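This report concerns only the one structure given below.
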Amino acid sequence: MTPHLPPHAVRSAPPPTSGRAGAASVSFRSDLLAFGVVASGAGWAGVAVNRAAGRPDSMDSPGSLVWLLSPLAAAAVLRRVRHGAFLPPRPADAVASSGTHRALAWGTAVLVYPAVTAGALGLGRAAGLVDLSRADVAGLGRSIATALGPALVKNLVEESCWRGYLTEELLRAGVGRVPLNLTVGAVWAAWHVPYYLRFLPEADMRAVLDVPRRAFATVAAGVILAWTPLYTEVYALTRSVWPGVVMHAVEDAVVNPSAMATGIRYTRAGQWLVSPVVGAVTSVAYTAVGCALGRLGRALRGPVR
Numbered sequence: 001m002t003p004h005l006p007p008h009a010v011r012s013a014p015p016p017t018s019g020r021a022g023a024a025s026v027s028f029r030s031d032l033l034a035f036g037v038v039a040s041g042a043g044w045a046g047v048a049v050n051r052a053a054g055r056p057d058s059m060d061s062p063g064s065l066v067w068l069l070s071p072l073a074a075a076a077v078l079r080r081v082r083h084g085a086f087l088p089p090r091p092a093d094a095v096a097s098s099g100t101h102r103a104l105a106w107g108t109a110v111l112v113y114p115a116v117t118a119g120a121l122g123l124g125r126a127a128g129l130v131d132l133s134r135a136d137v138a139g140l141g142r143s144i145a146t147a148l149g150p151a152l153v154k155n156l157v158e159e160s161c162w163r164g165y166l167t168e169e170l171l172r173a174g175v176g177r178v179p180l181n182l183t184v185g186a187v188w189a190a191w192h193v194p195y196y197l198r199f200l201p202e203a204d205m206r207a208v209l210d211v212p213r214r215a216f217a218t219v220a221a222g223v224i225l226a227w228t229p230l231y232t233e234v235y236a237l238t239r240s241v242w243p244g245v246v247m248h249a250v251e252d253a254v255v256n257p258s259a260m261a262t263g264i265r266y267t268r269a270g271q272w273l274v275s276p277v278v279g280a281v282t283s284v285a286y287t288a289v290g291c292a293l294g295r296l297g298r299a300l301r302g303p304v305r
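Note that this note's numbering has the sequence shown beginning at 1, numbered continuously upward.
Rendered as structure tokens:
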């Protein structure tokens with residue numbers, strides 16, 4: 001016979017796992033803090049390496065490798081220590097992802113940056129903000145083809161950090177979308193700051209937005225925050241980094257050449273408004289696509305875990 005407790009005893013019995021849950025929460029927060037510190041400091045550590053080696057700061061320097069690989073190493077160590085494996089187990093909602101979810105993720109990954117870029121250029125031309133009369137379409141095609149392969153390799157590293165580790169851990173912890181996107185966006189932006197201030201060539205920066213480096217870094221950090229919901233929702237549809245890797249590679253291959261050295265000329269207002277890299281219109285468009293994708297994904301599957 002099962003013993004019966006009086007009602008007051010049932011109500012006052014503490015959850016048996018409360019202490020364990022509290023310890024897990026502390027571990028989760030400490031892991032996030034450790035990852036954030038490493039990611040934010042990686043580029044500055046790379047700058048220090050370049051100084052010690054007597055090398056100038058550039059993307060061809062040893063410091064750039066420190067900047068690129070340190071967050072990946074931190075994610076691997078933290079996941080190994082905390083979960084006993086370098087890769088997370090596949091979540092139930094990822095295993096159950098339908099062909100519709102995968103098609104939505106992959107379709108967005110391949111099409112969103114070319115579509116928004118084309119729309120922004122068309123809008124800019126109609127408004128007199130962009131001059132396409134000297135656009136080198138063949139040169140743009142060559143630039144895209146040349147950039148795509150290296151971008152896939154580089155973005156496998158990036159997406160394994162920002163989505164494969166940081167976003168995945170926050171999703172597993174049940175963090176809501178707004179704090180999740182703010183957290184991921186802030187860490188992702190902080191990681192980029194040394195790139196904008198030290199590693200990015202001055203000419204490339206001013207071709208995108210003709211402002212001092214600190215101002216450019218501030219604007220670019222805001223753009224990264226605006227793009228984060230798009231990457232979060234593409235990842236959440238499949239819980240795989242691969243659609244994000246492809247989307248990020250397409251972004252690097254399509255967006256950057258469309259803003260630099262392909263005969264496309266922007267007015268100063270055009271740089272601020274419709275630039276494929278830092279334009280206000282394009283940034284709002286990517287945020288809107290991300291939010292719409294999230295709502296659609298949840299409607300198709302129910303609340304995403």
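Even glycine gets a Cβ: it sits at the ideal position worked out from N, Cα and C.
Keep in mind it's a predicted model, so treat the numbers as computed, not measured.
Among A253, A48 and P56, which residue has its Cα nearest to the Cα of V66?
-> Taking the sequence shown and counting its residues from 1, the one referred to as residue 66 is at position 66. Nearest option by C-alpha distance: A48.
Note down, in chain order, each residue of its chain lying with its Cβ closer than 6 Å to the Cβ of T306, except the 5 sequence neighbours on either side.
-> Because the chain here runs from 1 to 305, residue 306 falls outside it and cannot be looked at.
On the three-state DSSP scale, how would you describe D131?
-> As a first step, residue 131 must be located in the sequence shown, where it is residue number 131. Residue state, collapsed to three classes: strand.
D57, buried or exposed, once every other Cβ within 10 Å from all chains shown has been counted against 16 = Along the sequence shown, read from residue 1 onward, the residue named residue 57 stands at position 57. Its Cβ being crowded by 16 or more others within 10 Å, D57 is buried.
Assuming P71 contacts V37 (C-beta within less than 8 Å), just tell me the rounded distance between them.
-> The residue you call residue 71 lines up with position 71 of the sequence shown. The residue you call residue 37 lines up with position 37 of the sequence shown. Rounded, the Cβ-Cβ distance is 11 Å, inconsistent with contact.
May I ask you to list the residues that DSSP assigns as paired with Y266?
-> Residue 266 sits at position 266 when you count from the first residue of the sequence shown. Its beta-bridge partners are V130.
Give me the Cβ distance between L209 and S275, rounded to the nearest whole Å; I'm assuming they're in contact under 8 Å.
-> Numbered from its first residue, the sequence shown carries residue 209 at position 209. Numbered from its first residue, the sequence shown carries residue 275 at position 275. Right, the Cβ-Cβ distance comes to about 7 Å (below 8 Å), so this counts as a contact.
Reference G176, options V112, A236, H192 and L200, closest by Cα = The residue you call residue 176 lines up with position 176 of the sequence shown. Per the Cα distances, A236.
Return the first residue and the last residue of the alpha helix (DSSP H) that M247 is part of.
-> The residue labelled residue 247 in the question sits at position 247 within the sequence shown. Per DSSP, M247 belongs to the alpha helix (DSSP H) from W242 to V250.
First and last residue of the uninterrupted alpha helix (DSSP H) at V255 | Counting from 1 along the sequence shown, the entry for residue 255 is found at position 255. Element bounds for V255: n/a, residue is neither H nor E.
Return the CA-CA distance between L200 and F216, expressed in angstroms with no decimal places.
-> One-based indexing of the sequence shown puts residue 200 at position 200. One-based indexing of the sequence shown puts residue 216 at position 216. If you take the alpha carbons of L200 and F216, they lie about 11 Å apart.
Can A186 and A253 be called in contact, C-beta distance under 8 Å?
-> Mapped onto the sequence shown, residue 186 falls at position 186. Mapped onto the sequence shown, residue 253 falls at position 253. No; because the gap between Cβ atoms is not below 8 Å, this pair is not in contact.
How should H83 be labelled, buried or exposed, when 16 other C-beta atoms within 10 angstroms of its C-beta is the threshold for buried?
-> Residue mapping note: residue 83 aligns to position 83 of the sequence shown, counting from 1. Exposed, by the Cβ-count rule.
P179 by DSSP, collapsed to three states: which one?
-> Numbered from 1 along the sequence shown, position 179 holds the residue referred to as residue 179. Helix at P179.
Which two residues bound the contiguous alpha helix (DSSP H) that contains P62?
-> On the sequence shown, position 62 is the one that residue 62 refers to. Segment P62 to H83, the alpha helix (DSSP H) holding P62.
In this structure, does DSSP put R55 in helix, strand or coil?
-> If you number the sequence shown from 1, residue 55 lands on position 55. R55 falls in the coil class under three-state DSSP.
Using the Cα positions of G41 and A221, report the straight-line distance between them to the nearest angstrom.
-> If you number the sequence shown from 1, residue 41 lands on position 41. If you number the sequence shown from 1, residue 221 lands on position 221. Roughly 16 Å between the two C-alpha positions.
Could you please give the first and the last residue of the uninterrupted alpha helix (DSSP H) stretch that includes T238?
-> For the purposes of this step, residue 238 is taken as residue 238 along the sequence shown, with counting starting at 1. Per DSSP, the unbroken alpha helix (DSSP H) holding T238 starts and ends at R213 to T238.
Neighbour-count burial assignment, S307, 16 or more Cβ in a 10 Å radius = For the chain, the structure presents residues 1 to 305; residue 307 sits outside this window and is missing.
Alpha carbon to alpha carbon, how far is L121 from V157? Give it in angstroms, no decimals.
-> Walking along the sequence shown from the start, residue 157 turns up at place 157. Walking along the sequence shown from the start, residue 121 turns up at place 121. The alpha-carbon atoms of V157 and L121 are separated by roughly 30 Å.
Determine the DSSP secondary structure at V277, reduced to helix, strand or coil.
-> Sequence index remark: in the sequence shown, residue 277 carries index 277 (1-based). In the structure shown, V277 adopts coil according to DSSP, grouped into three states.
Helix, strand or coil for D204, going by three-state DSSP, please let me know.
-> One-based indexing of the sequence shown puts residue 204 at position 204. Helix at D204.
Tell me whether the beta-carbon of V184 lies closer than 8 Å to the beta-carbon of T232.
-> Translated into positions along the sequence shown, residue 184 becomes position 184. Translated into positions along the sequence shown, residue 232 becomes position 232. Contact: yes.
If you drop the 5 nearest sequence neighbours on each side, which residues of the same chain put their C-beta closer than 8 Å to that of V95?
-> Start at 1 with the first residue of the sequence shown, and residue 95 comes out as number 95. Low confidence applies here, because V95 scores a pLDDT of 48, under 50, leaving its location unreliable and the question unanswered by this model.
Measure the CB-CB distance between V307 and A249 and report whether it falls below 8 Å.
-> Residue 307 lies beyond the stretch modelled for the chain, which goes from 1 to 305, so this question has no answer here.
Do T117 and V255 have their C-beta atoms closer together than 8 Å?
-> Here residue 117 refers to the residue found at position 117 when the sequence shown is read from its first residue. Here residue 255 refers to the residue found at position 255 when the sequence shown is read from its first residue. Yes, the pair counts as a contact, with Cβ atoms nearer than the cut-off.
Reducing DSSP to helix, strand and coil, say where A173 ends up.
-> On the sequence shown, position 173 is the one that residue 173 refers to. Coil at A173, not helix or strand.
C-alpha gap between Y165 and R134, whole angstroms | Taking the first residue of the sequence shown as position 1, residue 165 is located at position 165. Taking the first residue of the sequence shown as position 1, residue 134 is located at position 134. Rounded to the nearest angstrom, the two C-alpha atoms are 43 Å apart.
With DSSP as the reference, label F86 as helix, strand or coil.
-> For the purposes of this step, residue 86 is taken as residue 86 along the sequence shown, with counting starting at 1. Residue state, collapsed to three classes: coil.
Just reading off the alpha helix (DSSP H) that R310 is part of, what are its end residues?
-> The question about residue 310 has no answer here: the residues shown for the chain are numbered 1 through 305.
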